[in-house]
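Written out below as structure tokens is the structure these notes cover.
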Amino acid sequence: MDANEKKQARAYIGEHIDISKARLTDHEAVELRDFIDKYDEYKGKTRTQTTEDDGFSSDGKYTYKRTFTHTFTDDIGIREDFEYSDDDGGHSKTTKEIKDARGILNLLHEYRPWK
Numbered sequence: 001m002d003a004n005e006k007k008q009a010r011a012y013i014g015e016h017i018d019i020s021k022a023r024l025t026d027h028e029a030v031e032l033r034d035f036i037d038k039y040d041e042y043k044g045k046t047r048t049q050t051t052e053d054d055g056f057s058s059d060g061k062y063t064y065k066r067t068f069t070h071t072f073t074d075d076i077g078i079r080e081d082f083e084y085s086d087d088d089g090g091h092s093k094t095t096k097e098i099k100d101a102r103g104i105l106n107l108l109h110e111y112r113p114w115k
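Structure representation (structure tokens):
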């Protein structure tokens with residue numbers, strides 16, 4: 001990809017997601033451009049991953065569970081819901097929107113295939 005093509009690709013990608021702090025390889029720019037063009041195939045898809053493990057504290061052993069749910073939103077981006085609970089009654093929930101180029105690329109690579 002020559003410099004002009006890359007500039008055009010970044011401009012197109014930047015219309016849809018935040019690329020202000022992203023250094024993209026040619027391959028990543030093409031991947032994001034394709035992702036944007038085919039976003040209707042992703043929209044609404046959800047993936048949930050739950051892990052359960054043991055931890056240790058001064059009170060002894062405890063079991064905790066972590067659940068990540070990633071959902072492709074109506075606008076181009078991914079909502080990440082995180083939930084933590086343990087057998088001592090600890091519980092927390094957080095939600096964040098991932099709308100930046102690096103965050104989207106990382107999730108696409110980590111959780112392939114989405115389709």
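So the sequence shown is numbered by the UniProt record's numbering: it starts at 1 and just counts up by one.
The beta carbon of each residue, even a glycine, is placed where N, CA and C say it ideally should be.
The segment 61-70 and the segment 43-52 touch, with no fewer than 3 CB-CB distances between them shorter than 8 Å. Beta-bridge partners of G55 (DSSP): Y62. A Cβ-Cβ contact shorter than 8 Å links L107 with I78.
Contact annotation, T95 with E80: C-beta distance approximately 7 Å; criterion of less than 8 Å satisfied. Counting only the Cα atoms, G90 lies some 16 Å from S58. The three-state secondary structure of H91, taken from DSSP, is strand. CA-to-CA, the gap between L105 and D54 works out to about 31 Å.
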